[in-house]
Each structure stands twice: as structure tokens, then as C-alpha cells.
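Taken in order, these protein sequences are the chains called A, B, C, D, E and F.
Be aware that the first sequence starts at 458, since it is given in the numbering used here, and climbs by one per residue.
Be aware that the second sequence starts at 458, since it is given in the numbering used here, and climbs by one per residue.
Be aware that the third sequence starts at 458, since it is given in the numbering used here, and climbs by one per residue.
Be aware that the fourth sequence starts at 458, since it is given in the numbering used here, and climbs by one per residue.
Be aware that the fifth sequence starts at 458, since it is given in the numbering used here, and climbs by one per residue.
Be aware that the sixth sequence starts at 458, since it is given in the numbering used here, and climbs by one per residue.
6 protein chains.
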Amino acid sequence: MLTDSTVETWLREDIGHRDVTNSVPGETTGRLVPTEPGVAAGLDAAAAVFEYLGVDVQVQVEEGHQLDPGDPALVAEGPAQDVLRGERVAVNVAAHASGVATRTREAVDAAHEVDDEVRIAGTRKTTPGLRGIEKRAVAAGGGDTHRLTLSGMVMVKDNHIAELGFDRAIERIRERTSFATKVEVEVEEPGDAVRAAEAGADVVLLDNLDPAALERGVEALPDGVLAEASGGISMDDVPAYAATGVDIISLGSLTHSAPALDYSFRTG
Amino acid sequence: MLTDSTVETWLREDIGHRDVTNSVPGETTGRLVPTEPGVAAGLDAAAAVFEYLGVDVQVQVEEGHQLDPGDPALVAEGPAQDVLRGERVAVNVAAHASGVATRTREAVDAAHEVDDEVRIAGTRKTTPGLRGIEKRAVAAGGGDTHRLTLSGMVMVKDNHIAELGFDRAIERIRERTSFATKVEVEVEEPGDAVRAAEAGADVVLLDNLDPAALERGVEALPDGVLAEASGGISMDDVPAYAATGVDIISLGSLTHSAPALDYSFRTG
Amino acid sequence: MLTDSTVETWLREDIGHRDVTNSVPGETTGRLVPTEPGVAAGLDAAAAVFEYLGVDVQVQVEEGHQLDPGDPALVAEGPAQDVLRGERVAVNVAAHASGVATRTREAVDAAHEVDDEVRIAGTRKTTPGLRGIEKRAVAAGGGDTHRLTLSGMVMVKDNHIAELGFDRAIERIRERTSFATKVEVEVEEPGDAVRAAEAGADVVLLDNLDPAALERGVEALPDGVLAEASGGISMDDVPAYAATGVDIISLGSLTHSAPALDYSFRTG
Amino acid sequence: MLTDSTVETWLREDIGHRDVTNSVPGETTGRLVPTEPGVAAGLDAAAAVFEYLGVDVQVQVEEGHQLDPGDPALVAEGPAQDVLRGERVAVNVAAHASGVATRTREAVDAAHEVDDEVRIAGTRKTTPGLRGIEKRAVAAGGGDTHRLTLSGMVMVKDNHIAELGFDRAIERIRERTSFATKVEVEVEEPGDAVRAAEAGADVVLLDNLDPAALERGVEALPDGVLAEASGGISMDDVPAYAATGVDIISLGSLTHSAPALDYSFRTG
Amino acid sequence: MLTDSTVETWLREDIGHRDVTNSVPGETTGRLVPTEPGVAAGLDAAAAVFEYLGVDVQVQVEEGHQLDPGDPALVAEGPAQDVLRGERVAVNVAAHASGVATRTREAVDAAHEVDDEVRIAGTRKTTPGLRGIEKRAVAAGGGDTHRLTLSGMVMVKDNHIAELGFDRAIERIRERTSFATKVEVEVEEPGDAVRAAEAGADVVLLDNLDPAALERGVEALPDGVLAEASGGISMDDVPAYAATGVDIISLGSLTHSAPALDYSFRTG
Amino acid sequence: MLTDSTVETWLREDIGHRDVTNSVPGETTGRLVPTEPGVAAGLDAAAAVFEYLGVDVQVQVEEGHQLDPGDPALVAEGPAQDVLRGERVAVNVAAHASGVATRTREAVDAAHEVDDEVRIAGTRKTTPGLRGIEKRAVAAGGGDTHRLTLSGMVMVKDNHIAELGFDRAIERIRERTSFATKVEVEVEEPGDAVRAAEAGADVVLLDNLDPAALERGVEALPDGVLAEASGGISMDDVPAYAATGVDIISLGSLTHSAPALDYSFRTG
């Protein structure tokens, strides 16, 4: 959840101690408007910035809405001084989140051209401080958030397996993991996927494989065990990976390298 | 400055309440290593993550260093459990900041091919929560931070001028602004640049002009008054703007749309 | 994770602005020692209190260790003034967490007398501010943490089902839930358990049923779908519920009503 | 006082980053209702949770009110999504505080059967993070809060006396303590009580004495000096201690071992 | 207690995002030295600033020490960059606190010329954010901190008495106040002092009386009830008030109007 | 900017855990009224205290208004309990800030008697935690805030110059400083002022000079370079310094040694 403390941090870092020019009299209305097509996200966070400042604000579209240039996404009304004080931060957070959502939708659309069941997922490669907002933006773009924190799904890594073997490593993790939590096992060879599944993985992560190798791994998996592809997959690679039958394709770039969506904030 | 509270926020959002797998015994050494060329930034912030966790950490290169793939940028040594707990967040912040620095250097290099005096500057279009880190990254890439907060330089906007005229608007702002603070005036017509300068601007911001119009505005300015170009300038546009004789070219995309630099974290 | 900010909050609320008597000269060693048998938990948190104050501290036993009266659980060494400043808070957190762990182990032991596969789980009925510490204490006592936050597993409640029916309600939730996240469905009639399972539940929560009704619900479930019993189950009821073949028995009282374990802190 | 930051901490630890199921449309009304008899406390804190979320909330009874099962204690009205987001935390804090108040009233009633002047007091053995709420709950149950922090009353301990003797130890503390602050002296022998009083104690703490020994210590005290009994006194011991003529009986278990009062939250 | 969070706030407000000049290489030693005579206070807080930055620091004198110009009060050693980063804030807090201590000692000395038993006390008129530090400084100067917070002693005000009469107002407050807490009653007529004492006040506050009126009120009080004079008493008035036999003279100006003690910070 | 967190800190330190007397029924109106003439400042901060508590509040005068005794500066209306809870803190912050503003106006008036162009400026010698409020108060009193943080203007100190010489030191700083930021050079000899100006200083700080020496330094400066006098200048010295033609006179005492303006808070 987005807290008041976080909004406070954003405003404080932008404003500093004192903004001399910001003693504007009167009331104003500001509209947050995209100047290019994209997917709406981060509007609740932008609204929270204005709410912190005591400005009335209405979000105009749902998260995930496909915006056309000029569509108003959010309207803020109140003392000009307070509207202007929130403007820059509100635009920044909406632009960032909508950029993530837009990039995610592109990846989802590219994948669904090939296989409309495959999921495009984010990773833990998020911008520090913005985990929740970026994960919501991935969802807004039609993607899968993946686990939100380290505590959300347990990952059995190669070093665990090297030490104990598949069966023992997974068994041990299972004992220490809640029934409420899934266990994912990371493998680096297609042939290991089926072993992980047999040892009890809920999900098998096939790391850093090319599409052909990935496909061999995926095909061997029994029903009910999900396969995730991850590791250095670019936007251009998405269709080839989607064609492998894998269940989930994870892309760090959705969150760490999506360009911002350009918005302007029009007052008066 | 980067505070312990901020690092705490980053770790908490990544870890959640409890990380079952992270009871790894023993000590380990981790190396933060780029997998592609780029400019080092955010390493102090990455180090602060490990320091918060009580892990010994050494930054290996200066901010702004041009990294080759495989160069160790940071080394962390300590209990495996603590090193692994900090890994993801440390990588995320270094990757983000180094991405900003790398993009900045590209812009600076492109500009200096044409005019080696022109400055490439960031804007207030930063990622919420990361203002300080992104501004340092811009500097690491050879760019100019521009003002860090609203309080850092005062901007006289078109609405002030519309209301009061150049002379009166600038005079009024001057009265309310410290001697320690510069005053920048935003103009949207090249012909207004000289009027702003005569009225006492330290810097004139020529907003949303094409290079030809910009050049007319810049040429008219007296010595000692700086000219800044801003507004919708892409990386490809940099050389054309640099050729106008403008002093500063500002790019929001340095901070809001730079792709992350890819790092891996190698332990053992 | 337990942050420095949380420890700071604990100390500040105990100490207030100024502690006149606490200008004790010299160094001291303090030992945290249980005065009754119980299960160790919260020792990392107690240690963090001393670490915040710059006192050297060694935890003497693992979380989950069965303590006898007089066993030292933690040793703190440093300036007497700082050791004494942390004492009360450190004891309070260890006593609370160890009480939860001890109560959990009693429940686990009672259940395992009957069925050594059944899991005893905590709930979200935790003490505000201590979610993570209480969940770790449940695990220390041999229990299952259950989901740590609302985001950790998705619950389909009766009102969702009333509105949309089992299939549609579960399908809709599935679409909006990550692959990394399990879906649990709450039913109030034993006969609904199998319908929930068929509609795709990973876990079925049988709420407020007596053991006989619970058993009917559990027996009807297919393999691979877990059954959880919850709602008003007291410590005395545990064996009867354990005998039903249910997979998980959840008890709010593990966290909200466990008496503290008595510790004393011996200095000198 | 309960701050917004504290409420924020409670909500964040319960919700995590994102609650998928919590996009419930429409408005709702929720009622906090006890399912067993007990003493109302923590309702202001529960209300503060809803207020943080922008939900209208009315506390229905005073702190300390004796609740019957089914009595509405608090009513919250607003967007269903926000009411449900606050529900769990609000119930948890009210259940905990009301449990403390209920346990306190039991102790007070047991004591007053024997001596209706004796005070039942809490201690500093409170749950970390909940000092203020638990102290208010003790008061709601008819108990005495005792000092709220280390700074609230000064305690002269046996180690001070061992070093300096009664007179000198108390004199020294007096010099360093504000006139606004009482001084309590801890003794472990009944015969020392009167010496402490003569040396200037406002209150004498008779620690870990059985009722007979306690009575001897109490009887020797001059008028105007209060006697407090503390140390390992259980609920069952209260009448015997109350019969000694002591002024205050302190019980750590009021705050650290009171079972929660069971509440349900009924919406619609 | 002074927390890391508070120190962080002080440093952040002084430094802002980035301090370009502060990349000074090498190690340095800094000495905090008064340039005028005064009373040492706030040195622990100044030390905490350096400790937050990882600088070794030694406080050279006790709180309350009478400093001569040039006496080193604190020595900090470490990386020049970190020493310089802390300098301004450390000096500011020491200068402020030592100013309060110095002013307090002046008042104490003036009072003790006349009556060496009378106490000079601070009030709740402290600088927001610095309550604890200023109260410690008052104590360092030989003054009495008075209550530290609203919760520290209970004040019965004229409006309570107007409504209920002395006896009933005090009785009611007594019932709701812990045995650990003193009750002070505020009176505005000398004749009311004795009535307040008879009704059970521990302390009587004689508000806004001239010395003659005060003396009449004080003389009438029975033994064991303390008399406090407060309200508009200047430094010059202290001897006249001290001569009345009053027990405590409270001065808001100790904390809200004491000039800073001048320190310089000498490095190298 | 003043954040909710800061207000929370102020209230918490004043109130502590629980204020027994503060259960006053009914509504009240409180008026903040000066009892002596002075300059209004800090009223927004005082208002923020009441707003945090949910009390309606109206500031009656502009920052910088010359108040007469009895003029209402702020009116707060709401539940008596909440108004009284905020009273002390609101008065304290307004009294402190108005004291700074009043002292500043005295200095400005004294200076303008001699030279109506000279600016009276604050310094970084502010009270920890109150930088922003004190800087606004300086401005309210007609003074110049000077730089708000270390990041606001760059200072070239004597140790930089000693190492590199004027030209090289300033050139190096210039390279690392944004175009948005001024550079000030500190000199300790009048003869160095002109060298600093020639090397490119925007402002020259003449440190610790007497008026005669200062005047020699100022006269030598070229047009467009500002001269600042600083270091040990008392209120009494202001006219003599103002007569030198210097542009700015900086006084630490404006913020660290101004006595509070006396306000009373009248309710009912």
C-alpha cells in the first residue's frame, strides 16, 4: 500500500525547504493528460500526492485503460498553490508507472500473438522504493506481478540443490515453508526440469535457456507444474519464447528499463 | 544525502516479513559486476545497503568511471545470509543509477562532438524517491544536475510574466529571492529572451523551440546571461541543439527513461 | 524484517525523554534467562535492541530451542548504562515471542499425538506492530506461519461466491492473481468443499465447522487440494480436529492470547 | 498519543504491497461487536485505523464500558474497499486492548472484594509498540497505569542502596530528580520498608514478598508513604495480597498475558 | 532519548541532496571549542551526529561543566568528508543546548544568592523537536526539568476548579491519575493556595503573582506541599521571587529565549 | 516544507503516552494573541499542528505582519480536547518563529537607516529541526534567507584556496557545480576580495573583518559581484557594517539567539 509517509518523502525531496515562487493566489484546476498513447497506471499514487496536500482529485480512468493523447487521466482542483506544489511529483509517478504498464502491454500483446495463455511477468528487479507501484503497473498492463517480496514464494536455487540434491533440497524447503506459499525450483539444464517437478516443485524456473532448450524442458513437465522462463529475455525475444509452450515469461526490463509515458499537466 | 531510513524502506519492500530460504550458514564474498559497458553510479547507495546490514563493503571504482563488462564495481564480504539479503536491492539501485549515468554520458558525448562547452542537464522529472541518487548519477555521467529542488533556483514562468510584464515580474521575484539564489526566466518566443535578460534574468529558459528558433534567441542574449534549451528534446536531437550555441540542454529522459545498466552479483 | 526504526520506537516509548537514574558507570554483562520451561523465540529481536544501543550481544540458542529454567538465552555485554537501557524492552519482546512459540508447540504436540502430518497454523489475528515477530515465533514453535500479509495468498470469501458462484468467482480471482500466489476458498458447508476444489481452489478453508462436519468436508476433497479448519478452535479442541484428517488447523489464539514466557535479566 | 505513523505501520504489515481481492465496489457499514462479555478498550485506536483510510467511524461506547456479546462497540461506514482494508487491524487492536482491560477489571474486582481502596497497577512489562494503548486499557479496566515511561517516576534499586546506603542513595536521586517526579524505593526485606520511608521515599516497592512478609513491611510504614507489592503475583494471589493493607498491587500479566477479547466485524 | 531518526532529520535539512564541495580527501580531527565562558550541554547530541556519520568522537567534559574559552568540549576524528558533513549540525545543537544551560545557571546562581534551597525550573515552553535536549540542558545548568511531558505530572487548572470546586476537582483528577504521578493545582489568588493544599495538591502553582502576593500564598501552605511560582518572571525578577520562600521558580525563557553559546569547530 | 511527520514528532514529545486531564467535553475556540509587539511568523506551522489534530484553524494575518499586543494571529475551533492538545506546541512554534522574525526586522531597520539597499541575512546556524521554519521567519522579518542547505550555493573556503590558489580552486568548483548554483568565495583579507571576484566568484564573503577593513574589500570589487560580511557581527554592529557599502550582512544570532515573542492562547 502507498502510505502518507512515502508521499511526504516524494514531496519533500522535490520542494526542499521553501518555494519562493509558489505563493500563487486563487483556485485552479489541473488536468493530467498524456501526450502520447499508452496504458494508464500510477494514477492512484498521483492522486495520493494531491490528497496529501488537501487538494480534491478525481481519477478519470481505470488502471490499465488504454489512453489516447489528450484524454484526461486525472483532475485536481483546489488552491493554486497546493495544486502546483503537487504537480511535478504527481506527473513523475504517473509517467513512470504508465511507462511500465505500456511496456508490459507491448510484451503481453507480442506474446499473445503467438500463445494467448502465456503470462508476461515482472521480477524483483524493480526501482528501489517503488516495488508496489511498479507491480501494480505490471498488472495494469496485463502482466503478472510475480512474487511481490522474497516472502511471497520460495525459490530453491542451484546452490541448495548442489549441496543436497533435488529431493532433499526441496523437501527441506517444504518443511520450512507455509502451506500458503508456493515453491519454485530454478534449473539451468532442460533435463533438470522434470526432476524438479518430480521432487515437488510447484513452479520450475528455467534460467537462461534459449527457446529450443526451453521447449525441451517445458515439454517434459507433468501437468499442473508451471514453467517459467527467465534470464536475459529482451522484448524482441518474447514471441520466440512464447512459442515454446512455457507458462510464464519474466522480464526485468518491464520495470527497470521502461521509458516514461509523457504526460502534461494543464492548469487554468 | 542517502539516509538509513531510505535504505530500510528499500530492504523492507523487497524482503517482506520473513525470508525462509535465507538461513544460509557461513561467510561469503559478493562482487557487483557489469555485464555490459557503462558508467558507474549509485555505488555509494549500493554500499549503504550492505552497510545497513552490517556487511563489509568496498566500492572499487569512482562514480563516473567507464566500466567494462566484468570489472568489479563493488565487493561485499560478510555472513552469507546478510550478503544475500542485500544483493537484490543493491543491484537494483546501482543498475538504475548507472543507467542514468550511461545515458547522460551518451548525451554529453553527442553534444561535445559539436560544441565542447555546452552542458547537458537533468530536470525535475526524476523518479519519486530517487532525486538525490539520480542527480548524482547525472553528474557522474558528466552532466549538470540543474537545480536539485524547487528551492534551488527560482523560475519565473509565463503566467507570472503575462500578469505583470517582464520587468515587474522579475523585479518582484528578485525581492523575494535570496542573493544566494539564481533567477531563471522561461520564454516561449526567441524574441523574449533578450527582454528577459535585460530585466535581470541570470538564466533564460527557451522552452519548446526548434533549433533554428533557439539559435535566434541565443544570439540575442548579452554576455553573462546563460541560455537553456528544454522541452521535448530527444537524444537524437542533441547535436542539432548543441550547434545553436545554447549553454545548457536539459533532457528529462536522462532520469525518467534511461534503461538500467545490467549488473550481475557473483558470490563465492 | 525487523528494522532499526521499529527498535527505536520500542525504546522511545519505554524511556521517554530522560532517565535520571540511568547514569550508571562501568561495564556490565546481562544474561536473559527463562524462569520457566518454554520455547525460545524473539531472541533476534531482543538482540537487535542491544545492537541499536551499541552493546555486544550473543544469542545463545536457536529459535525453537526448548529452554529449561536457568538456561541463558542471550548474553549482552557493554557499558552498564546502555545494557540497562535496553533491558526492559529486550525482555518484553523475547517474553512475548517465546510465549507465542511455547503455546504453538503445545498445540503442535497435542495435534501430533493424533496425526503427525497435520499442521498447526497462525492467522492474521496478530498483535499490531508485531506481525513478523509473531509469525517467526509460530514457526519457532513448529507451527505454520500461514500467509504473512493479505498479499501472500488470495482468499475467496462467501460474499464473492454468493455473487458469482464458485466457478466464476474463482476464475475471476485466478485471472487477477499471480501464478506465484495460491488461491484459498472459504466454505461454510462441508458439501461446498468439493465444489471449491473442482473450481480450482489450491486450499479449501472450512470455516466454523465441528469436527464431524469438518471430516465430511475433508473426505470429499480430491488429492492435492489442502483442507484448512479455522474459526473458534480452542487449544482443547485441537486433538478432535486433528483426528479429522484435515491438513491445517488455524488458531488465532497462538498469537493473540498466548501468555508471555517469564524471563529474568541477570546483570553483574 | 497514537500517531498516524503507527497506524500506517500496522496497515502496511497486514496488507503488504497489493491486495488483489480488495477491489470491492460500493459502500458498506461495518460493526465491531464482541462475541463474549468484556471491557471496552482500544476503540479509539481501532477508530484511528479507519480514519487513516478516510472511513467515517463512530465509537459507540466509552472506554471501560462493560460490553455484552452483540453490543456494537464501533461503527464504520464508507467505501467497502476501505472498510475491509482496515477491518483486520482494527479488530486486532481492539481485541488486544479489550483483553487487557477485561483482565484488569477481573483483578480489580477480586481485590476490591477484600479491600476497596487497593489499586491494581500495570508495569513496564508491556508489548513493544503498544505501551500507550495498553496503559489506557489498564485504566479502562479500572486499574492504575503506574509510570508510563522510565522518565515518569524514579526508582531507587537495590544496587544503588547497596553502594550508598538508603539515606545517601535516596538523597542523591532526589537531587537529580525534578520536584514534579516521585521517587520509589525498591526493598526486598520487610524491615527495609520503614528505612526507605524515613530516607524520603514517596513510594516503597516491596518486591517478591509473600503476603505475610508484605504485611509486616506495610504496617511499619508511616502515613503518606505508599506501599506497592510486585513480583510474581498471579491473578489467584490477588485477594491474599489485597488483604495485607498494601496500597498498590502490580501485575505484569495484565499486559503481557491477557487473552484477547473476541470481536467479530459484521458488514453489510 | 535522542534517536537516529532525529539526527538523520537534522543532517538532511542541513545538507540537502548533494554537497558538491564536500569531497575532501584524507582524515581530519575536529575540536569543538567554546569562544566564551558557559555551561556544557548538548554534547551527547553533538556526538550522536558524528556517530551517525561513522566518525569517532569523544566528549571531553561532563554535561554541566563550566567551560572556559578554548576548552575542548568534544573531539571528532575520521574521514575529513564525514567530519565536515557533521560539523554545522553538531555545533548548532551544542550551541543551543549550552546556551540553555548557561542561562539556567545564571538564574540558579541569582536565586541561590538569596535562598539556596529554591529550585529554578524549566517549563513546557520548549523549542519544538528539542524537548528532551533542552530539559537535559536545564538539568546541566543546575535547574529542575519540571515535568517532561503532559503525562508527567497532572495539572488542575482554574477551569476545572471553576466547574467543580477545589475538593471535587482534585478528587476527580486523583481518581484518574496514577499513584506514580503528582498532582499540581494552579491558583491565581494567594488565598486559594491553602485551599488547594487542603484538597490534596502535591504542588501548588501560584500563577502570575507579584512577590508580595506570592509570599502570602507560600506562607499559608502546610509542610510537605510544594509551592511553584510561574508566569512572566524575568531573569531580573529571580532574586525577588527567591526571597519569598517559594520552592520552585519556573521560567519559560530558560528554553525559549536563551542566546546560543558561541562555539567554534577547529579542524586539522 | 513542513510535513505531517514533523508535527507528529512535536506533539508526541509534548504529550507523552497519555494525558489524563485532557478529556474535556464540548467545543471551544482558541485565539493566539501576542502580548507584546512583534512580527508574525510560524503561523502556518502553528496551524499545521491544529490541522493534524483535525481542528479548524484560520490564520488571521500574513507572515511578516507587524502585530500589536492583543491582535489575534490565529483562531482554532473544534473539540476542546483537541484544541487543548495542540495549544502548547502551536504556541511554542509561533513564539519561536515570531521571535526570529522580530529580531530580523530590528536588524533590517537598523541597517536601512544607514543604507536601504543592504540585505540582512540568516546563516546555517539554525536550531536543529527548524531550518525551514527559521528561514521563512527570517524572510518574514524582511531578511534574506541566504542558502537553505549546503546544496543551495557552493562555498569555496580558505583551505581550498590555500591548496590550489584562487583561480584553480574556483575553476575546479565551477566545473563540478551546476549552472543553477552560485559560487561564493570566502576571504579573510580585504585584498583578496578582488582576486576572488576576478577568478569568477558570484559572491565574495569577507569573513571576520572590522568595518574599515571590510570597506576596503568592498570598494575594490567590480560591479556585479556581491559582497557579504559575516563573522561575529552583533546587533549593535549592524549600522557600522551597513555603512561600508557591503551588499549582505549575515547574522547567526537572528536564528540562534532571538528571544521568543510572547503569545497567549485564549480559549472560550
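In this text, a Cβ means the ideal position worked out from N, Cα and C, and glycines have one as well.
None of the values given here were measured: they were computed from a predicted structure.
Against chain C: residues of the stretch 584-609 of chain D by CB proximity under 8 angstroms: Thr584, Pro585, Gly586, Leu587, Arg588, Gly589, Leu605, Thr606, Leu607, Ser608, Gly609
Within a Cβ cutoff of 7 angstroms, which residues of the same chain sit near B/Asp539, ignoring the five residues on either side of it in sequence? Along the second sequence, read from residue 1 onward, the residue named residue 539 of chain B stands at position 82. Cβ neighbours of B/Asp539 beyond the five flanking positions: Leu510, Gly511, Val512.
So which residues of chain F does A/Arg469 contact, with C-beta pairs closer than 8 angstroms? Position 12 of the first sequence, counted from the start, is the residue given in the question as residue 469 of chain A. Those within 8 angstroms of A/Arg469 in chain F are Met458, Thr460.
Just to confirm, are E/Leu541 and E/Val481 a CB contact at a threshold of 8 angstroms? Position 84 of the fifth sequence, counted from the first residue, corresponds to residue 541 of chain E. Position 24 of the fifth sequence, counted from the first residue, corresponds to residue 481 of chain E. Result yes, Cβ atoms of E/Leu541 and E/Val481 sit closer than 8 angstroms.
Using a threshold of 8 angstroms, state whether the C-beta atoms of A/Val550 and A/Ala594 are closer than that. Position 93 of the first sequence holds residue 550 of chain A. Position 137 of the first sequence holds residue 594 of chain A. Result no, Cβ atoms of A/Val550 and A/Ala594 do not sit closer than 8 angstroms.
Against chain B, which members of the stretch 623-649 of chain F pass a CB distance test of less than 9 angstroms? Arg633, Thr634, Ser635, Phe636, Ala637, Thr638, Lys639, Glu641
Based on the DSSP output, what are the partners of C/Pro491 in its beta bridges? Translated into the one-based positions of the third sequence, residue 491 of chain C becomes position 34. According to DSSP, C/Pro491 bridges with C/Tyr720.
Can you find a CB in chain D that lies within less than 8 angstroms of the CB of F/Arg545? Looking up residue 545 of chain F in the sixth sequence gives position 88. Not closer than 8 angstroms to any Cβ of chain D, the Cβ of F/Arg545 fails to qualify, so no.
Are the CB atoms of E/Thr466 and F/Gly586 nearer to each other than 8 angstroms? Counting from 1 along the fifth sequence, the entry for residue 466 of chain E is found at position 9. Counting from 1 along the sixth sequence, the entry for residue 586 of chain F is found at position 129. Taking C-beta atoms as the reference points, E/Thr466 and F/Gly586 count as a pair closer than 8 angstroms.
So who's on the other strand from E/Ser710, going by DSSP bridges? Taking the fifth sequence and counting its residues from 1, one reaches residue 710 of chain E at position 253. Its beta-bridge partners do not exist; DSSP assigns none.
Cβ of C/Leu459 within 8 angstroms of Cβ of C/Val557? Your numbering for residue 459 of chain C matches position 2 in the third sequence. Your numbering for residue 557 of chain C matches position 100 in the third sequence. For C/Leu459 and C/Val557, no; Cβs fall outside 8 angstroms.
Taking just the CA atoms, how far does B/Asp680 sit from F/Glu655? In the sixth sequence, counting from the first residue as 1, residue 655 of chain F sits at position 198. In the second sequence, counting from the first residue as 1, residue 680 of chain B sits at position 223. Looking at the two C-alpha atoms, the distance is approximately 16 angstroms.
Taking the straight line between their C-alpha atoms, what separation do you get for D/Val565 and D/Tyr698? By 1-based counting over the fourth sequence, the position of residue 565 of chain D is 108. By 1-based counting over the fourth sequence, the position of residue 698 of chain D is 241. Straight-line Cα distance between these residues: approximately 12 angstroms.
Could you check whether the Cβ of B/Glu508 sits closer than 8 angstroms to any Cβ belonging to chain H? The structure shown has no chain H; the protein chains it does contain are A, B, C, D, E and F.
Within 8 angstroms of any Cβ in chain A, is that where the Cβ of C/Ile411 sits? Since the first residue shown for chain C is 458 and the last is 725, residue 411 of chain C is missing from the structure and cannot be characterised.
In this structure, does DSSP put F/Gly556 in helix, strand or coil? To locate residue 556 of chain F, count along the sixth sequence from 1; it is residue 99. It is helical.
Min CB distance E/Thr690 to chain B below 8 angstroms: Translated into positions along the fifth sequence, residue 690 of chain E becomes position 233. Before going on, a small fix: residue 690 of chain E reads as Ile here, not Thr. Judged by the 8 angstroms Cβ criterion, E/Ile690 is not in contact with chain B.
Along chain A, in chain order, which residues have C-beta atoms closer than 7 angstroms to that of B/Thr466? Sequence index remark: in the second sequence, residue 466 of chain B carries index 9 (1-based). Chain A residues near B/Thr466: Gly586.
Quick check on D/Glu484: buried or exposed, where buried means 16 or more other Cβ atoms within 10 Å of its Cβ? Taking the first residue of the fourth sequence as position 1, residue 484 of chain D is located at position 27. By the 10 Å Cβ count, D/Glu484 comes out exposed.
Less than 8 angstroms between the beta carbons of D/Ala717 and C/His713, yes or no? Here residue 717 of chain D refers to the residue found at position 260 when the fourth sequence is read from its first residue. Here residue 713 of chain C refers to the residue found at position 256 when the third sequence is read from its first residue. The criterion of a C-beta distance shorter than 8 angstroms is satisfied by D/Ala717 and C/His713.
Counterpart residues of B/Gln515 in DSSP-defined beta bridges: Counted from its first residue, the second sequence places residue 515 of chain B at position 58. Answer by DSSP bridge pairing, in chain order: B/Val532.
Across the stretch 649-667 of chain B and the stretch 676-690 of chain B, are there enough close Cβ pairs to call them in contact, namely three or more that are closer than 8 angstroms? yes
Pop quiz: A/Thr559 and A/Val496 are said to be a contact at Cβ under 8 angstroms. What is the actual Cβ separation, rounded to whole angstroms? Along the first sequence, read from residue 1 onward, the residue named residue 559 of chain A stands at position 102. Along the first sequence, read from residue 1 onward, the residue named residue 496 of chain A stands at position 39. Yes, they are in contact, since the Cβ atoms of A/Thr559 and A/Val496 sit about 5 angstroms apart, within 8 angstroms.
DSSP state of A/Ser687 mapped onto helix, strand, coil: Residue mapping note: residue 687 of chain A aligns to position 230 of the first sequence, counting from 1. If DSSP states are grouped into helix, strand and coil, A/Ser687 belongs with the strands.
Can you give me, in chain order, the residues of the stretch 565-584 of chain E that have a beta carbon less than 8 angstroms from any beta carbon in chain D? Arg576, Ala578
What is the DSSP secondary structure of F/Thr580, counted as helix, strand or coil? Indexing the sixth sequence from 1 puts residue 580 of chain F at position 123. F/Thr580: coil per DSSP, three-state reduction.
Could you tell me the boundaries of the alpha helix (DSSP H) in which E/Leu468 lies? Reading the fifth sequence from its first residue, position 11 is the one you call residue 468 of chain E. Its alpha helix (DSSP H) spans residues 461-472.
The beta strand (DSSP E) with C/Val644 in it runs from where to where? Within the third sequence, numbered from 1, the residue matching residue 644 of chain C stands at position 187. Here the beta strand (DSSP E) through C/Val644 covers 640-644.
Just to confirm my understanding: we take D/Glu641, look at its own chain, exclude 5 residues before and 5 after, and list those with CB closer than 8 angstroms. What are they? Here residue 641 of chain D corresponds to residue number 184 of the fourth sequence, with the count starting at 1. These residues qualify, in order along the chain: Met610, Val611, Met612, Val613, Ala658, Asp659, Val660, Val661, Leu662, Glu685.
I need the boundaries of the beta strand (DSSP E) containing C/Asp664, first residue and last residue. Here the question's residue 664 of chain C lines up with position 207 in the third sequence. Where C/Asp664 is concerned, the enclosing beta strand (DSSP E) stretches over 660-664.
Check this for me: beta carbons of E/Thr492 and E/Asp693, under 8 angstroms apart or not? Stepping through the fifth sequence from its first residue, residue 492 of chain E is reached at position 35. Stepping through the fifth sequence from its first residue, residue 693 of chain E is reached at position 236. Against a cut-off of 8 angstroms, the Cβ pair of E/Asp693 and E/Thr492 comes out as no contact.
Return the CA-CA distance between D/Ala567 and C/Leu607, expressed in angstroms with no decimal places. Working through the fourth sequence from its first residue, we reach residue 567 of chain D at position 110. Working through the third sequence from its first residue, we reach residue 607 of chain C at position 150. Each residue's Cα considered, the two are about 41 angstroms apart.
Please report the distance separating the alpha-carbon of D/Glu643 from that of C/Thr638. By 1-based counting over the fourth sequence, the position of residue 643 of chain D is 186. By 1-based counting over the third sequence, the position of residue 638 of chain C is 181. D/Glu643 and C/Thr638: Cα-Cα distance of roughly 55 angstroms.
For F/Gly589, which residues from the same chain have a beta carbon less than 8 angstroms from its beta carbon, with the 5 sequence-adjacent residues on both sides left out? Translated into the one-based positions of the sixth sequence, residue 589 of chain F becomes position 132. Excluding sequence neighbours, F/Gly589 sits near Met458, Leu459, Leu605.
Exposed or buried, B/Ala715, counting other C-beta atoms within 10 Å across all chains shown (16 or more means buried)? Position 258 of the second sequence holds residue 715 of chain B. With 16 or more neighbouring CB atoms inside 10 Å of its own CB, B/Ala715 falls in the buried class.
DSSP three-state call for C/Glu570: helix, strand or coil? Here residue 570 of chain C is taken as the residue at index 113 of the third sequence, counted from 1. Three-state DSSP puts C/Glu570 in a helix.
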